[in-house]
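Enquirer: Before I ask anything, let me first share the structure, which is written out below as structure tokens.
Residue numbers (our numbering): 97 to 207.
Written out as structure tokens, the structure reads:
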């Protein structure tokens with residue numbers, strides 16, 4: 097799927113969440129928080145820097161979901177977008193998360 101600017105966009109609807117996570121890229125690790133998730137990927141807000149370029153393989157570890165493998169889609173401004181590797185293990189873990197644990201998070205402050 098692409099938008100009118102010709103950029104690839106996520107095909108699945110996003111759900112807001114707040115899940116503490118760790119992301120590994122080769123021998124480097126960063127701590128962050130998943131800020132939104134879909135059945136095909138997620139976005140992390142990082143507390144530090146992680147020099148992973150688009151197309152890089154990463155591993156996300158989370159207490160609620162477990163161990164997920166993915167590919168970096170974008171990395172900008174302390175946030176990183178990950179597309180899950182399309183294997184049955186990742187799909188099953190994310191489906192189980194949505195079925196058993198997910199609660200939509202709403203912003204605390206309103207405008």
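Just so it is clear, CB atoms sit at the ideal spot from N, CA and C, and this is done for glycine as well.
Taking residue 160 as part of the beta strand (DSSP E), name the residues at either end of that continuous run.
Expert: Segment: none, residue 160 is in no beta strand (DSSP E) and carries neither H nor E.
Enquirer: With a threshold of 8 Å, are at least 3 pairs of Cβ atoms found where one atom belongs to the segment 165-180 and the other to the segment 142-156?
Expert: yes
Enquirer: Is DSSP giving residue 195 helix, strand or coil here?
Expert: helix
Enquirer: Does the distance from the CB of residue 130 to the CB of residue 144 come in under 9 Å?
Expert: Their beta carbons are not under 9 Å apart, which means residue 130 does not touch residue 144 by this criterion.
Enquirer: Can you grab the Cα-Cα spacing for the pair residue 119 / residue 171, in whole Å?
Expert: 13 Å
Enquirer: Whose CA, out of 124, 109, 108, 137, lies closest to the CA of residue 161?
Expert: Relative to residue 161, the option among 124, 109, 108, 137 whose CA is nearest is 137.
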